[in-house]
Every structure is written in C-alpha cells, then in structure tokens.
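For the sequence shown, the positions run 200 to 515 when our numbering is used. Data first, discussion second: the structure below is written as structure tokens.
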Amino acid sequence: MSERSESFSARLRSATRRDHEAAESERYVTALTAGELSRAAYAELVAQHYFIYEVLEEAATAMAGDPVAGGFVDDALTRMPSLVADLEFLLGAGWLDRIAPNPATAAYVQRMREVCRTWPAGFVAHHYTRYLGDLSGGLFVGRAVAKAYGLGDDGGVDFYRFPAIDDPRAYKDAYRRRLDAMPISEAEFERLVGEVTLAYRHNTAVLAELGRTVDPFPPEVVAAISRHMNDDHPDDSLLICRSLGGRPTATAARMTGMDADGIDFAATVDGDPVPVRVPFSERLTERPQVRTEVVRMYHEACAALGVPPRPAAPHG
Numbered sequence: 200m201s202e203r204s205e206s207f208s209a210r211l212r213s214a215t216r217r218d219h220e221a222a223e224s225e226r227y228v229t230a231l232t233a234g235e236l237s238r239a240a241y242a243e244l245v246a247q248h249y250f251i252y253e254v255l256e257e258a259a260t261a262m263a264g265d266p267v268a269g270g271f272v273d274d275a276l277t278r279m280p281s282l283v284a285d286l287e288f289l290l291g292a293g294w295l296d297r298i299a300p301n302p303a304t305a306a307y308v309q310r311m312r313e314v315c316r317t318w319p320a321g322f323v324a325h326h327y328t329r330y331l332g333d334l335s336g337g338l339f340v341g342r343a344v345a346k347a348y349g350l351g352d353d354g355g356v357d358f359y360r361f362p363a364i365d366d367p368r369a370y371k372d373a374y375r376r377r378l379d380a381m382p383i384s385e386a387e388f389e390r391l392v393g394e395v396t397l398a399y400r401h402n403t404a405v406l407a408e409l410g411r412t413v414d415p416f417p418p419e420v421v422a423a424i425s426r427h428m429n430d431d432h433p434d435d436s437l438l439i440c441r442s443l444g445g446r447p448t449a450t451a452a453r454m455t456g457m458d459a460d461g462i463d464f465a466a467t468v469d470g471d472p473v474p475v476r477v478p479f480s481e482r483l484t485e486r487p488q489v490r491t492e493v494v495r496m497y498h499e500a501c502a503a504l505g506v507p508p509r510p511a512a513p514h515g
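Right, dumping it as structure tokens:
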C-alpha cells in the first residue's frame, strides 16, 4: 500500500470537516437535542431518514459484490428495520401513508439514485457520510432524543442503536482502514471527496428544511429579550412604537413578545394599553439577528422623529 493511499481517510475527514460541522449546527438539530420540539417534529426527521436509507440500502444490496464498494457493505449497519420500528412506534398503524419526503430529501435521494448503483466510489461517499455520522454524532443525538422525549426501551430511537457493533470507535477505525486500502486512483479519490461534500450539503439542506418549522425563539429566549428591552431600553421601545408602530401619541411602551416575523409591544395611548406589532425586515432564524433588527428599528424611528440617536445602539 502506498503512503498516499494510507492517508485517504485523514484527508477525507479534513477536506469535509466544515461541511460536517455545518450539518451539526443546524437549528433543527440543536432544538431537537435540547428537547424544544414535539414528538411529531422528531418523527418528521425519522420519516426523512426512511426515504434516504431506503435508497442507500437498496444500493448496498446491488453493490455487495463490487471490488471497491463491497467491502463497506455490512448487515451490522443496516438501518431500515429500525426506521420501520421507530415509525410504527411514533406514528402508529398506517404510518407509511402519513409520511413523504420533503423537497430537500427528494433532491438528496435523487442524487443517490444517480450515483450509488453505477459508481462504486460514489456509493462509498454516501455510505461513509451516513454511517460514520450515525456511529459518531448520531449516538449523541440518540441519547439526547431518548432523554428529551421520554423514549427508550419501548421504542422510538432504535435507529440510533447498533446492537451488532460492540465498540463503535473500533468499528470506525476499521472502516477508515478500508478507506485507506481502496483500490482507486488519486483522481478517483478527489471525485469521492467531492461527492462526500455534496452528500453533507444535501444532508444539511434536509435539516434546514426541517428547521423551517422550528420556532427559533422559544419562550425562555423571548422572556430574556423582553426583560432586557423593558429594563434597559424602554425609551427605545417608545420611539419604535411612535414611529414604526403608528402610535405617535404613545407615552410609554413595553415589549410583550416576539416571533420570527416581528416584535410585539404594549403602548400606552391616552392612558390605555394598546397592542402594537412591528414586523421585522425579514424572517429571523437566529437570536443574534434580533439585535440587528432592533438597532435598525431604533435608528429608523430616530430619523423619522428627528431624534438624535445615542452612540451606543440597543441590544436585542
């Protein structure tokens, strides 16, 4: 074995590290493992996995005898029976009629159909992306999901269990040795790296699609932002309500809530509290964006009302 081929697995890991990290940091994943979602939202992830692994494991059967891809096919990794069991537990009888691939999953599955049965190294790329991820961060996700949603021995998290693999770390080490020993050229290895990168991006797109249904601002976050605005920046809220909220005669204002599309206040007009809704300039997906939007609102309100803004902008 040449020195070059011995470094395949390390080079592959290094070349795709950022794509891997991007998938792990998706809002859906952080909300899921923090227990912020419903069981139904978790079941939606299981459903998307069903469509992904259906295609991948059909390809595994077809590739079992291939000299490049066949060494990676292992019944110990097979996930479809576990996914079926989890969906039956989570959704009950008739679960198959209640699930569908989201657009990102459909694109992911289409790509695997294009390459996994006809290009051995392409199959390995998708196999590596899924199963080594399952045996790494996936094990953490499984434990977090089981704890957060009260799942366990009764069912619901079988996907994250590998009863035929006693030592995941040793298994991954052996898997990487098989990568290092692949009988492929340098050019073919570079193609494989490109396909792994594409697979990670498809996976990230699936998670992002799922994340669009997740509220990025759970109650505790809204409460913290409201407390900060009301304790430290009540005058800013008043300016925003007078100008952007259409209440020019308001004498006081307090933030009462927010969501991804806008911020809510209670403005005092003629001695009475009046609800005021001020939309954001775009749908927000992360907490740091709130500060940017509040700063924008504050400066727009100051400009409209002819009030000089202070040097330090408000924090959201």
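Ideal Cβ placement from N, Cα and C applies to all residues, glycine included.
- Taking 4 residues as the minimum length, the alpha helix (DSSP H) runs contained wholly in the region 338–399 are 367–379, in order along the chain.
- For G410, the CB contacts under 7 Å within the same chain, skipping 5 residues up- and downstream, are E225, R226 and Y227 in chain order.
- Shown here, V477 sits in a strand according to DSSP, grouped into three states.
- Residue pairing for F464: DSSP places it in a beta bridge opposite M454 and V475.
- The Cβ atoms of T455 and A465 sit closer than 7 Å to each other.
- Under the three-state reduction of DSSP, L504 is assigned to helix.
- A direct Cα-to-Cα measurement between R329 and R482 gives close to 31 Å.
- The region 377–386 and the region 316–331 touch, with no fewer than 3 CB-CB distances between them shorter than 8 Å.
- In the DSSP annotation of this structure, the continuous segment of the alpha helix (DSSP H) that includes S208 starts and ends at F207 to A214.
- A449 is positioned such that its CB atom lies closer than 7 Å to that of V468.
- With distances taken between CA atoms, F271 lies nearest to R377 out of R377, A258 and N402.
- Going by DSSP, S335 is part of no alpha helix (DSSP H) at all; its letter is neither H nor E.
- Looking from the CA of V506, the closest CA among S442, A398, I462 and D274 belongs to S442.
- Under the DSSP assignment, P433 falls in the alpha helix (DSSP H) whose first and last residues are P433 to S442.
- Under the criterion of beta carbons closer than 8 Å, V395 and T304 do not qualify as touching, at roughly 18 Å.
- Contact between the region 230–250 and the region 335–355 is present: three or more C-beta pairs spanning the two stretches fall below 8 Å.
- Per the coordinates, the alpha-carbon of V340 lies some 26 Å from the alpha-carbon of G393.
- Within a 10 Å sphere around the beta-carbon of A233 sit fewer than 16 other beta-carbons, which makes this residue exposed.
- Under the 10 Å beta carbon count, D357 is surrounded by 16 or more other beta carbons and is classified as buried.
- Taken through DSSP and simplified to helix, strand or coil, G321 comes out as helix.
- Cα atoms of L438 and M496: separation of roughly 9 Å, rounded to the nearest angstrom.
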